[in-house]
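Below you'll find the structure, written out as structure tokens, and then a few comments.
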Amino acid sequence: MALPLALRNSMLPTELEFIASEELVSIRPTVKMEKIRFISGLYGPFVGGRLTKVPLWIAVNLKLKKKCNIDPPEWLNVEVLQDKLAVETELKSDQFVKLPMHFAEMAKVLLDVASDDLDQPDKIRTLLKDLRETRQSKIRDKLVHLNHRSLSMQGVCAMEINEVRPFFSQAMGAMIQLNVADPGLMDEPENAEEYS
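The opening position of the sequence shown corresponds to residue 0 in numbering that gives the first Met the number 0, with each subsequent residue numbered one higher.
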């Protein structure tokens, strides 16, 4: 499959979901099973109704076989997401609310596979979309202040980094080339407020 040029320098969303599938989630098995040995480790034993932590990929596999219910992460509920969205909109444009590194990927998988285990999944989808749009707007605003030395964005998740990577890589490359051609060109003037 030929990928568009913009996607060749970054990972696909499905690849990020694959990486996020190693994150641990809690499940409530509906059947009794002995320990299961995988290359990544030993999981179980599974006792019906008792919370057990497993990687997301195991939880999804068991959920699809109707052998467990997934206990959603504490951040994946309406109240917490409403609070996060409120804080995100109040923070300055260079600050981001703290969320798990793979929150977007995990939320997508859990909403696709285990929406029946979530309270108000449609409201959660809406809140996640609003949160994502707010964060994307802040990231775009931050990219306006890009310089040839660095760009600091603390609190940005993997999916957001992946979306910015192609533009950022090209922009930094161009800025470095401009700086090599004329080192004084990229420096901030001492009286920058006169030019604003």
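The beta carbon of each residue, even a glycine, is placed where N, CA and C say it ideally should be.
Cβ neighbours of residue i in the same chain (closer than 7 angstroms, five flanking residues each side left out)
i, result
"ILE69", "VAL24, ILE26, ALA58, LYS62, LEU109, ALA113 and ASP116"
"LEU126", "VAL77, LEU80, GLN81 and LEU84"
Buried/exposed call for residue i, threshold 16 Cβ in 10 Å
i, result
"PHE17", "exposed"
"LYS83", "buried"
"ILE175", "exposed"
"GLU159", "buried"
"ALA19", "buried"
Opposing strand residues paired with residue i [DSSP bridges]
i, result
"VAL86", "Answer is none; VAL86 lacks a bridge partner."
"LYS52", "SER25"
"PHE37", "GLY40"
"ILE18", "Per DSSP, none; premise fails for ILE18."
"ILE69", "ILE26"
"MET32", "PHE45"
Nonlocal neighbours in the same chain, by C-beta distance under 6 angstroms from residue i, ignoring five residues either side
i, result
"LYS137", "SER92"
"GLU189", "At GLU189 the pLDDT is 49, less than 50, meaning the model places this residue with poor confidence; the figure from the coordinates comes in the next sentence. No residues qualify anywhere along the chain."
Residue of the options minimising C-alpha distance to residue i
i, options, result
"GLU162", "TRP74, ARG131 and ASN178", "ARG131"
"ILE38", "PRO28, ARG139 and GLU21", "GLU21"
"LYS107", "THR51, VAL30, LYS97 and ARG124", "ARG124"
"LEU80", "LEU15, PRO120 and LEU50", "PRO120"
Whole-Å CB distance - residue i paired with residue j, under 8 angstroms assumed
i, j, result
"TRP74", "PHE102", "7 angstroms"
"PRO72", "MET105", "7 angstroms"
Other residues of its chain near residue i: CB distance less than 8 angstroms, five sequence neighbours each side excluded
i, result
"VAL86", "VAL96"
"THR133", "LEU84, GLU87 and THR88"
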